Amino acid sequence: MPELMQFLLSGITVGAVYALVALGFTIIYNASDVVNFAQGEFVMLGGMITVFAYQAGLPLPLAALIAIAATAAAGVAFNKLAIETARGAPVVSLIIITIGASIFIQGVAQVVFDKQLHRLPAFSGDEPLHVFGATILPQSLWVMGGALIVFVGLWVFFTRTLTGRAVLATSNNRLAAQLVGINTNFVMTLSFGLSAAIGALAGVLVTPITLTSYQIGISLALKGFAAAMLGGMGNPKGALVGGIALGLLEALTAGYLSSQYKDAVAFVVILAVLFAMPQGLFGRKAMERV
Amino acid sequence: MRKLLTGVALASLASLSFASFAWADIKLGATVSETGPASFLGDPEAKTLKLMVEQINASGGIKGEKIKLFLYDDGGDPNKARTFATRLVEDDGVVAIIGGTTTGTSMSVMPVVEDAKIPFISLAGAIEIIDPVRPNTFKTPHTDRMACEKIFDDMKKRGYTKIGMLSGTDGFGASMRAQCLAVAPNYGITILADENYGPKDADMTPQLTNIRGKSDIQAVLSPGFGQGPAIVTRNYAQLGITLPLYQSHGVASNGFIELAGAKASEGVRLPGTALLVGELLADNDPQKPVVMAYKTAFEKATGTPVSTFGGYAHDALRIFVDAVSRSKSTKPADIRDAIEKTSGLVGTTGTVTMSPKDHLGLDLGSFRMLEIKNGGWVLVK
Chain A
1 MPELMQFLLS GITVGAVYAL VALGFTIIYN ASDVVNFAQG EFVMLGGMIT
51 VFAYQAGLPL PLAALIAIAA TAAAGVAFNK LAIETARGAP VVSLIIITIG
101 ASIFIQGVAQ VVFDKQLHRL PAFSGDEPLH VFGATILPQS LWVMGGALIV
151 FVGLWVFFTR TLTGRAVLAT SNNRLAAQLV GINTNFVMTL SFGLSAAIGA
201 LAGVLVTPIT LTSYQIGISL ALKGFAAAML GGMGNPKGAL VGGIALGLLE
251 ALTAGYLSSQ YKDAVAFVVI LAVLFAMPQG LFGRKAMERV
Chain B
1 MRKLLTGVAL ASLASLSFAS FAWADIKLGA TVSETGPASF LGDPEAKTLK
51 LMVEQINASG GIKGEKIKLF LYDDGGDPNK ARTFATRLVE DDGVVAIIGG
101 TTTGTSMSVM PVVEDAKIPF ISLAGAIEII DPVRPNTFKT PHTDRMACEK
151 IFDDMKKRGY TKIGMLSGTD GFGASMRAQC LAVAPNYGIT ILADENYGPK
201 DADMTPQLTN IRGKSDIQAV LSPGFGQGPA IVTRNYAQLG ITLPLYQSHG
251 VASNGFIELA GAKASEGVRL PGTALLVGEL LADNDPQKPV VMAYKTAFEK
301 ATGTPVSTFG GYAHDALRIF VDAVSRSKST KPADIRDAIE KTSGLVGTTG
351 TVTMSPKDHL GLDLGSFRML EIKNGGWVLV K
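First to last, the sequence lines map onto chains A and B. The letter at position 106 of the first sequence is residue 106 when you use full-length UniProt numbering, and the numbering goes up by one with no holes. The letter at position 167 of the second sequence is residue 167 when you use full-length UniProt numbering, and the numbering goes up by one with no holes.
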């Protein structure tokens with residue numbers, strides 16, 4: 001029994017990391033149908049900037065704030081310099097641009113920062129909490145809390161605010177959105193800034209668990225992307241459930257089947273789900289008007 | 001102003017051409033992974049090569065001849081490494097090549113140098129590079145098989161015969177796992193649990209829970225590289241496992257203690273090189289002056305702490321310089337013969353004595369068993 005509990009806690013820890021990263025994909029996808037493959041780099045920037053600001057002697061909360069603000073600025077710049085100039089290009093081209101941006105940000109990060117691994121101290125110490133004979137680190141609770149807050153924030157944003165609905169309208173039909181008076185350029189800028197900020201927040205929260213380095217973005221983004229696909233791209237609820245489900249799948253496979261094949265098993269399950277439900281667990285049904 | 005600039009440019013041009021007429025430089029090639037996924041290995045290697053070539057030239061070169069270093073960054077890509085090796089041989093006309101930061105890049109440089117008969121000193125770990133022995137290929141780092149042997153030797157001394165393993169699935173972890181499984185019977189060690197984790201995983205408590213569940217296990221070995229071993233060590237403490245934990249030489253650096261945390265890594269043992277514990281070596285240890293000289297010079301020039309990997313490049317260059325000063329000419333074939341006759345050369349990794357059958361030249365004694373105590377290293381006697 002304590003074994004099962006430990007597997008579950010491990011799955012939730014890892015799943016919360018995936019969910020937090022997956023949530024970052026939501027806004028940009030909702031505004032433009034673009035899967036932003038540079039999302040992992042926002043996570044990396046959040047972690048790395050915090051680490052270096054903290055090493056320079058700033059208190060941790062201030063370092064984290066600076067990192068989130070700087071990453072949001074990087075997100076806005078990315079939109080202005082790369083996405084906006086390619087306006088009118090098909091979605092696939094824009095996705096390829098995000099891959100290019102991801103490689104570029106990594107290159108800059110290894111020059112500006114360094115090539116070593118770094119870690120932040122855990123926010124509430126390293127003393128494990130005991131739950132039914134299993135243990136969990138307090139930092140995992142921070143990550144889960146962060147994921148929940150971002151989830152609630154996004155849900156309120158998309159369903160209760162005018163700006164959030166403007167984002168959804170822009171994604172539905174850019175021209176129609178412009179005609180009803182939505183400033184679509186502003187919506188795009190806002191969505192990149194917010195996505196980058198969410199990514200950076202994820203980076204700050206997960207760095208004490210996953211450690212960080214200039215190249216950690218890709219692997220986090222891939223897992224986050226898989227989680228978002230599983231849950232349904234664009235739906236905050238999907239990102240949350242998909243992330244936790246992916247983490248639990250991996251942990252239970254590693255615990256009961258084989259640690260060698262845990263990634264393979266997780267991806268086979270994802271494929272099976274997508275086969276039955278191509279939109280993911282909570283995805284929107286695609287509607288094409290003829 | 002423009003006139004002055006032109007004057008300066010002409011003067012420097014003149015002095016340059018004068019320089020190249022005055023000395024027949026010894027051309028040394030290198031391809032290391034200064035950027036890319038292996039950059040934390042390749043970066044200190046590149047810095048070491050540049051620094052030492054500068055030092056050697058400042059103190060008069062080898063037998064009065066200066067070394068000219070052709071250094072390329074292959075970014076950890078075996079294809080690029082091969083292209084650069086070809087360029088070094090065909091365009092730059094080097095007499096020897098140092099490099100191949102990773103096993104992948106080294107294996108792709110190997111056919112080029114074996115065709116061109118240019119001596120090649122690799123900086124990568126795997127045993128495949130020197131086993132079977134190829135005439136022109138040498139290497140400086142210990143093999144992972146030796147790391148396994150050193151660890152099992154220490155386990156046997158402490159009376160542990162039943163162990164669990166938790167290995168990374170990256171190239172380093174997978175290769176060391178295979179070597180450890182192969183040599184374990186020689187030391188009477190049985191491996192009761194053989195678990196794995198992905199190189200980017202964030203939590204290894206399920207695997208460790210399973211290892212903990214097997215009551216016969218007396219010690220745990222974790223071959224791996226990068227962040228994985230640090231997370232394993234932290235999870236080990238989180239689960240409150242009290243069995244002795246062994247890590248590999250892949251994480252033998254102060255950075256590891258920092259990442260894993262001093263408290264979680266207390267009591268962890270791993271095989272490392274003398275470079276890591278320069279200050280702790282006995283004063284009569286032959287490696288002490290070599291290690292301390294390199295450490296001081298590197299840390300002064302770069303402002304970053306020395307790493308084992310930079311030490312591999314240091315040893316490779318020392319072997320090259322030693323061979324050139326013993327050989328009768330600077331022809332690649334003569335340098336190759338001289339490298340093979342290297343004997344008793346003290347480097348940062350160990351004392352190197354090569355032979356036609358052994359292109360590594362290190363024995364188990366050059367590995368030091370280290371233990372982490374109070375956030376620092378101590379030598380295990």
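Quick reminder that beta carbons are idealized off the backbone N, C-alpha and C, glycines included. Computed from a prediction, not measured in an experiment: that's the story for all the values here.
> Excluding sequence positions up to five away, which residues of its chain have a Cβ less than 7 Å from the Cβ of Ala-316 (chain B)?
Replying inline: Residues Ile-98, Ile-121, Leu-123 and Thr-140 of the same chain have their beta carbon placed closer than 7 Å to that of Ala-316 (chain B), with the five preceding and five following residues left out of the count.
> In terms of residues, what are the limits of the alpha helix (DSSP H) holding Leu-20 (chain A)?
Replying inline: 2-32
>> Residues of chain A with CB closer than 9 Å to the CB of Ala-230 (chain B), please, in chain order.
In response: Leu-117, Arg-119 and Leu-211
> Quick one: what's got a C-beta closer than 8 Å to Leu-62 (chain A)'s C-beta in the same chain, skipping five residues either side?
Replying inline: Ala-53
>> Just to check my reading of the structure: Ala-219 (chain B) and Pro-244 (chain B) have Cβ atoms closer than 8 Å, yes? What is that Cβ distance to the nearest angstrom?
In response: 5 Å
> What number of angstroms, rounded off, separates the C-alpha of Pro-332 (chain B) from the C-alpha of Arg-318 (chain B)?
Replying inline: 16 Å
> Do you know offhand how far Ser-124 (chain A)'s Cα is from Asn-254 (chain B)'s?
Replying inline: If you draw a straight line from the Cα of Ser-124 (chain A) to the Cα of Asn-254 (chain B), it comes to about 24 Å.
> Using a beta-carbon distance below 7 Å, is Phe-7 (chain A) in contact with chain B?
Replying inline: yes
>> I'd like to know if Phe-275 (chain A) contacts chain B, where contact means its C-beta is closer than 7 Å to some C-beta of that chain.
In response: no
>> So Pro-111 (chain B) and Ile-335 (chain B) are supposed to be a Cβ contact under 8 Å. How far apart are they, rounded?
In response: Not really, about 19 Å apart at Cβ, beyond 8 Å.
>> For Glu-149 (chain B), list the residues DSSP reports as bridge partners.
In response: Glu-149 (chain B) is not bridged to any residue.
> Within the 7 Å Cβ cut-off, does Gly-234 (chain A) reach chain B?
Replying inline: no
>> Can you find the residues in the same chain that come closer than 8 Å, C-beta to C-beta, to Leu-364 (chain B), ignoring five residues on each side of it along the sequence?
In response: Contacts found: Met-146, Glu-149, Lys-150 and Asp-153.
> With distances taken from CA atoms, which of B:Lys-288, B:Met-369, B:Val-251 and B:Phe-84 is nearest Pro-271 (chain B)?
Replying inline: Considering only alpha carbons, the answer is B:Met-369.
>> I need the DSSP call for Ser-59 (chain B), collapsed to helix, strand or coil.
In response: coil
>> For a test of the three-state rule: what should DSSP assign to Gln-106 (chain A), helix, strand or coil?
In response: Gln-106 (chain A): helix per DSSP, three-state reduction.
>> Please return the same chain residues whose Cβ sits closer than 8 Å to the Cβ of Leu-239 (chain B), not counting the five positions on each side in sequence.
In response: Take Leu-239 (chain B), set aside five residues on each side of it, and the residues of its chain with a beta-carbon closer than 8 Å to its own are Thr-205, Leu-208, Thr-209 and Arg-212, in chain order.
> Under a CB-based cut-off of 7 Å, is Asn-57 (chain B) close to chain A?
Replying inline: no
> Which first and last residues belong to the beta strand (DSSP E) in which Ile-241 (chain B) is found?
Replying inline: Note, Ile-241 (chain B): premise wrong, no beta strand (DSSP E); not H, not E.
> Excluding five sequence neighbours on each side, which residues of the same chain lie with their C-beta closer than 7 Å to the C-beta of Ala-22 (chain B)?
Replying inline: With a pLDDT of 41 at Ala-22 (chain B), under the threshold of 50, the modelled position of this residue cannot be trusted; read the value that follows with caution. Beyond the five residues adjoining it in sequence on each side, Ala-22 (chain B) comes within less than 7 Å, by CB distance, of no other residue in the same chain.
>> Using a 10 Å radius around the Cβ and a threshold of 16 neighbouring Cβ atoms, would you call Asn-79 (chain A) buried or exposed?
In response: buried
> Any idea which residues DSSP pairs Pro-271 (chain B) with across the strands?
Replying inline: B:Met-369
> Taking DSSP as the reference, what is the three-state secondary structure of Ser-175 (chain B)?
Replying inline: helix
> Looking at the structure shown, is Leu-281 (chain B) part of a helix, part of a strand, or coil, going by DSSP?
Replying inline: coil
> Nearest to Gly-46 (chain A) by CA position, among A:Asp-263, A:Ile-198 and A:Leu-271, is which residue?
Replying inline: A:Ile-198
> In the region 233-253 of chain B, which residues sit with their C-beta less than 8 Å from some C-beta in chain A, listed in chain order?
Replying inline: Arg-234, Ala-237, Gln-238, Leu-239 and Gly-240
> Run through DSSP, which three-state label would Phe-70 (chain B) get?
Replying inline: Taken through DSSP and simplified to helix, strand or coil, Phe-70 (chain B) comes out as strand.
>> Assuming the contact rule is C-beta atoms closer than 8 Å, Val-346 (chain B) and Val-290 (chain B) should be a hit. Round their C-beta distance to whole Å, please.
In response: 5 Å
> Is the CB of Leu-259 (chain B) under 7 Å away from at least one CB in chain A?
Replying inline: Contacts with chain A at 7 Å (Cβ-Cβ) include Leu-259 (chain B).
> Using 8 Å as the threshold, is the region 69-88 of chain A in touch with the region 115-133 of chain A, meaning 3 or more CB pairs across them?
Replying inline: no
>> So, with DSSP's three-state summary, where would you put Ala-116 (chain B)?
In response: helix
> Given Asn-36 (chain A), which residues of its chain have a CB within under 7 Å of its CB, disregarding the five upstream and five downstream residues?
Replying inline: Closer than 7 Å at the Cβ level, and outside the excluded window around Asn-36 (chain A), lie Phe-25, Ile-28, Thr-98 and Ser-195.
> Hey, how far is the Cα of Gly-64 (chain B) from the Cα of Ile-189 (chain B)?
Replying inline: C-alpha separation (whole angstroms): 54 Å.
>> Closer than 7 Å between beta carbons: that is the criterion. Which residues of the region 38-71 of chain B meet it against chain A?
In response: Ser-39, Phe-40 and Asp-43
> For a contact meaning CB atoms closer than 9 Å, what does Thr-209 (chain B) contact in chain A?
Replying inline: By Cβ distance, chain A contributes Pro-2, Glu-3, Gln-6, Phe-7, Ser-10, Ala-134 and Gly-255.
>> In this structure, how does DSSP classify Ile-217 (chain B) when only helix, strand and coil are distinguished?
In response: coil
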